[in-house]
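Everything below concerns the one structure shown next.
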Amino acid sequence: TLQHLSVTKAFVDEGVHETNDSTLTDEEIKLIKLLKSLQNESVVHQQRLIEAQTDWLEALEKLDSEKQIIEETFREFCQSNNYLALNDKISLQETIEERQSKSSTLDLPNYEEQNKYISFQQKYLHMAKTHN
61 TLQHLSVTKA FVDEGVHETN DSTLTDEEIK LIKLLKSLQN ESVVHQQRLI EAQTDWLEAL
121 EKLDSEKQII EETFREFCQS NNYLALNDKI SLQETIEERQ SKSSTLDLPN YEEQNKYISF
181 QQKYLHMAKT HN
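For the sequence shown, this note's numbering begins at 61 and goes up steadily by one.
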């Protein structure tokens, strides 16, 4: 039986599907074919797994790049509007609310800027929470 196992392994490794070796039974030949088929299927699944892992890594890199762009845009926006960003994660929301409450008249450009700032802040905080 040890000889049969080594012959079987050799056939599987070399990809031989049929043999004229009279020492192998029909059942052993069928098993060899089945093993070779399973081996080929395994290779296909391994290739698919590698492709999926590669796609996943590329997606992570893209997300990280987008996160960095959002963070940089948010920082620039904060600096250009004299808003503070604490720890590059959370802005000083109290100061914004205080400024809004002191402003009795609605200054439309300022209102739009504040909405833009709040929108950036929400995106930024969401990214910070989901990627940490």
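Glycine included, C-beta positions come from ideal geometry on N, C-alpha and C.
Closer than 8 Å to chain B by CB, residue i
| i | result |
| --- | --- |
| V104 | Note that chain B does not occur in the displayed structure, where there is just one protein chain. |
Proximity of residue i and residue j at Cβ, strictly below 8 Å
| i | j | result |
| --- | --- | --- |
| I130 | K183 | yes |
| M187 | K96 | no |
| E101 | N141 | no |
Where residue i falls: helix, strand or coil (DSSP)
| i | result |
| --- | --- |
| N141 | coil |
| L109 | helix |
| T83 | coil |
Assigned exposure category for residue i - 16 Cβ within 10 Å defines buried
| i | result |
| --- | --- |
| I178 | exposed |
| I110 | exposed |
| Q181 | buried |
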